[in-house]
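Here the working numbering is used: position 385 in the sequence shown is 706, and no number is missing along the way.
For reference, the structure is listed below as structure tokens.
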Amino acid sequence: MIAAQRKKRSLQWVSLVGAALLAQPGLAGAGPRAAANIHLTRAQEKSLNIQTAEIKAAAIRPMITLYGELRANPRARWILASPLAGVVVHLHGKAWPQIGTHVVRGSSLAGIKPVVSTTLNITLALELTKVKADLLAARVAQSAAAAAYHREQSLYARNKAVSLQRVQAAHAAFAGAAARVQADFQSIAAISRQLKTRTGGFLPLPIFQSGMVTAILAHPGEAVAADQPLLKIEDFHTLLAAVALPASDSGRIAAGTIAHVRALGHRHWLKAQPLTLGPQADRQTRGLTMLYVMDNPGTLRPGMAITAWIPKTAKSVTMTIVPRSAVIWWEGERWVFAARGKGVFTMRELIHPLSVPAGYAVKNGSLPERRIVSRGAQLLLTIKLSSTLKKSG
322 MIAAQRKKRS LQWVSLVGAA LLAQPGLAGA GPRAAANIHL TRAQEKSLNI QTAEIKAAAI
382 RPMITLYGEL RANPRARWIL ASPLAGVVVH LHGKAWPQIG THVVRGSSLA GIKPVVSTTL
442 NITLALELTK VKADLLAARV AQSAAAAAYH REQSLYARNK AVSLQRVQAA HAAFAGAAAR
502 VQADFQSIAA ISRQLKTRTG GFLPLPIFQS GMVTAILAHP GEAVAADQPL LKIEDFHTLL
562 AAVALPASDS GRIAAGTIAH VRALGHRHWL KAQPLTLGPQ ADRQTRGLTM LYVMDNPGTL
622 RPGMAITAWI PKTAKSVTMT IVPRSAVIWW EGERWVFAAR GKGVFTMREL IHPLSVPAGY
682 AVKNGSLPER RIVSRGAQLL LTIKLSSTLK KSG
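Shown next as structure tokens:
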């Protein structure tokens, strides 16, 4: 009811202002596509909140439009598994998580109660020995991965003797090795604590990574085997943008450049850093699958359809940039209102506009005026159409 009253008052305000403007001498409309001027006083411009901006030229690099989907980042996926055979128990005062539940690193949600408590010490001792051996191997792997990453990073920073893909692969290997070392440290601490108490109770399972629960693979009261997954946890702060590049266009894009990605149903374009080529060709286009990593503003999820703009290998072209807020649709074309003087506005059609992240790019010189209406263009179009209807009536 309140929303309807507000809408009615807004329509009445527009009608009153439109009627006042149509009464001005210079507000006469001509043909349906004629560039008839609209004259406003300073007070009318202020009441309608008409704002103008100067259009500027910029170097525009030709883009190719590709389509794909968002994928989860494999590095941000973690599985909570049972270190030994037993029965799943949930901690006192904490409910068992559901799909979509956010968990925090360092907290505990579940525990494992050994099936045979008399053999608990033997099982834990054997598991502790195994984890300690894994820790030694993980430390060696971490040192080797760290040395390889620093070497690749140094070569890339000095003269780019190695590719960015090799640097990223070395960083991923180093991060994975560091995660294994940390996981082994946590396992040794948990098992040692259980061996020390010798209570025969349950072994708490700490969360090593904050994120969202995306799969529940076990429930309290169920018997599980050693290394059996219990929960799948994913962090969606970063996502992978996977786009299909047809084989015919494989040589037309500039490798290693930033892509602009927009998810279906979202207005804003987001920057995505190049990652690598996909492990297999796209089944529909028979082309390559290109992967980009991007930050998630908070509303994106894997599986969403996306549109990506990727720079071509062609040279940049200087064009005039028109803000997206200044463009209006009329008769199937894009138009802007140009400011010809104090309170004088006229419609200009955009000739062959090219969609770019900043708005629309047009050929230099296609717009005679340098200032256009950046806010309030739709209201000016309403006034122009009202004038045309009044004349035709």
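We put the beta carbon where it would ideally sit given N, CA and C, even for glycine.
query: Residue environment, D548, which counts as buried when at least 16 other CB atoms sit within 10 Å; result: exposed
query: Bridge partner(s) assigned by DSSP for L552; result: L401 and I537
query: Cβ contact check for the stretch 623-632 and the stretch 574-587: 3 or more pairs under 8 Å; result: yes
query: E654, buried or exposed, once every other Cβ within 10 Å from all chains shown has been counted against 16; result: exposed
query: CA-to-CA distance, S695 to R588, given in whole angstroms; result: 18 Å
query: Buried or exposed (CB count within 10 angstroms, at least 16 for buried), L457; result: exposed
query: Assigned exposure category for K705 - 16 Cβ within 10 Å defines buried; result: buried
query: Nearest-angstrom Cα separation, counted from R392 out to E670; result: 40 Å
query: Assigned exposure category for V643 - 16 Cβ within 10 Å defines buried; result: buried
query: Beta-carbon proximity list for I385, same chain, < 7 Å, skipping 5 on both sides; result: D570, R573, I574, I631 and K633
query: W650, buried or exposed, once every other Cβ within 10 Å from all chains shown has been counted against 16; result: exposed
query: Alpha-carbon spacing of Q530 relative to S429, whole angstroms; result: 11 Å
query: Paired residues, beta bridge with W651 - DSSP; result: E654
query: Three-state class that DSSP yields for V488 in the structure shown; result: helix
query: Reference A593, options G586, P618 and G608, closest by Cα; result: P618
query: Same chain, Cβ closer than 6 Å to R645, five either side skipped, listed in chain order; result: G680
query: Nearest-angstrom Cβ-Cβ length linking G608 and A565, presumed shorter than 8 Å; result: 6 Å
query: Beta-carbon proximity of H423 to M533, cut-off 8 Å; result: yes
query: When V461, T597 and Y477 are compared against M611, the one with the closest alpha-carbon; result: T597
query: Through-space distance from A493 to A499, alpha-carbon basis; result: 10 Å
query: Same chain, Cβ closer than 8 Å to A660, neighbours up to 5 away in sequence not counted; result: T373, F666, E690, R692, I693 and V694
query: Of the residues I420, K453, V425 and V638, the one placed nearest D505, counting alpha carbons only; result: K453
query: For V715, the residue or residues it bridges with in DSSP; result: The requested residue 715 does not occur in the structure, where the chain is confined to residues 322 to 714.
query: Contact under 8 Å by Cβ, F523 with G427; result: no
query: Alpha helix (DSSP H) segment containing E366, residue limits; result: R363 to L369
query: Identity of the residue in V545, A626, G697 and Y613 nearest V409 by Cα; result: V545
query: Cβ-Cβ distance between R369 and G624 below 8 Å; result: One point to set straight first is that residue 369 is Leu, not Arg, in the sequence displayed. Not closer than 8 Å, so no.
query: Residue environment, T639, which counts as buried when at least 16 other CB atoms sit within 10 Å; result: exposed
query: Neighbourhood of L700 by C-beta distance below 7 Å, restricted to the same chain and skipping five residues each side; result: L369
query: Same chain, Cβ closer than 6 Å to R354, five either side skipped, listed in chain order; result: Since pLDDT at R354 reaches only 49, below the 50 mark, its modelled position is unreliable, and the value read off the structure follows with that caveat. Contacts found: none.
query: Limits of the unbroken beta strand (DSSP E) element including Q530; result: Per DSSP, Q530 belongs to no beta strand (DSSP E) and is neither H nor E.
query: T641 classed as buried or exposed, judged by whether at least 16 other C-beta atoms fall within 10 angstroms; result: buried
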